[in-house]
Each structure stands twice: as C-alpha cells, then as structure tokens.
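First comes the structure, then the notes that go with it.
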Amino acid sequence: MRVMENADTVIQATKNDPRVTKFGSFLRRTSLDELPQFINVLQGSMSIVGPRPHAVTHNEQYRKQVENYMIRHKVKPGITGLAQINGFRGEIDALYKMEKRVQYDIEYIQNWSLWLDIKIIIKTIFKGFIGKNAY
Numbered sequence: 001m002r003v004m005e006n007a008d009t010v011i012q013a014t015k016n017d018p019r020v021t022k023f024g025s026f027l028r029r030t031s032l033d034e035l036p037q038f039i040n041v042l043q044g045s046m047s048i049v050g051p052r053p054h055a056v057t058h059n060e061q062y063r064k065q066v067e068n069y070m071i072r073h074k075v076k077p078g079i080t081g082l083a084q085i086n087g088f089r090g091e092i093d094a095l096y097k098m099e100k101r102v103q104y105d106i107e108y109i110q111n112w113s114l115w116l117d118i119k120i121i122i123k124t125i126f127k128g129f130i131g132k133n134a135y
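And the structure:
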C-alpha cells in the first residue's frame, strides 16, 4: 500500500471536508462510521466507554500543551466518553477544546463506575450519535 502523505502530518476531518463522499458524510453524521470500532472492543483493545483515542502525532503535540494530557492513557480508549456526550467531539480547532476534553477524561477516570458507563451509553444513544458536532 502506498501512502501519499507524510506520516507526521495528520489532517482531521472537518465539516464539508472534500475527501468525504455523500455516503461517507451520512455515515459520519449518524456516527455509523464508529461501528467498526466494536471489533476493537471485542478484541479487548478498546472499551465502549472511555477517553476517545487520538492520533499519535496529536498525542505528541498535546502532551506538551495540555496539563495532565497523558493521564487519559491510563485506561483503555473508548468509542464514546464523558467529553463526547458533553459536546466535545469532532474537529479540534482551538486548544481550549482539547483542554476541556482532557478535563472530562480525567473526571471520568476519577469517578468511574458501572453506573457512570451506563449513563454515558444512554446519553450517547439519545444525543451523542446525531449531534451538532457529528459530521
């Protein structure tokens, strides 16, 4: 497989991204593009609930800019999380958005319970899959 981009450069998907087809846009808007991640859950490398995984280059960037950023790696990444149900999903176009995500991730880690996971899953179903930040 050939890749036409520098491996150190990660370009996030954005609203009206020209790389996304109409069908792909529908999948993203409805979050159906997340379904293949359930394979990772079944394999044990992800959880349903937990901090969303980021690109390795983003980890390197934000670990230097956001206090306690790497704490989020103490648990398995998840398909949905506290940050996502509170509106912090999609493109990161400002540092404060990543700071808020990390705050929610740390809050989740510190307050984890089965009940919290259930609440996050329910909120994800009712408001997370189709939201203003899903595209």
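Numbering of the sequence shown is given in the UniProt record's numbering, commencing with residue 1 and proceeding in unit increments.
C-beta: ideal position from N, C-alpha, C; glycine also.
Since the model is a prediction, treat every value here as computed from it, not as a measurement.
CA nearest to the CA of residue i, picked from the options
i, options, result
"V56", "Y69, I120, G87, P36", "Y69"
"P51", "T21, V66, I125, K74", "K74"
"Q65", "M98, S47, I48, T80", "M98"
"residue 140", "S25, V49, F26, I121", "Within the shown structure, residues of the chain are numbered from 1 to 135, placing residue 140 beyond reach of any answer."
"N40", "I79, D33, N59, P18", "I79"
"I118", "I85, L95, I106", "I85"
Exposure label - residue i; buried when at least 16 CB within 10 Å
i, result
"D93", "exposed"
Straight-line gap, residue i to residue j (C-alpha atoms, nearest Å)
i, j, result
"K100", "K22", "31 Å"
"Y62", "R89", "16 Å"
"G87", "R19", "24 Å"
"I122", "E60", "32 Å"
"W115", "L42", "21 Å"
"A83", "P53", "12 Å"
Ignoring anything shorter than 3 residues, give me the beta strand (DSSP E) runs that lie fully in the region 56-81, in order along the chain.
Counting whole runs of 3 or more residues, the region 56-81 contains the beta strand (DSSP E) stretches 78-80.
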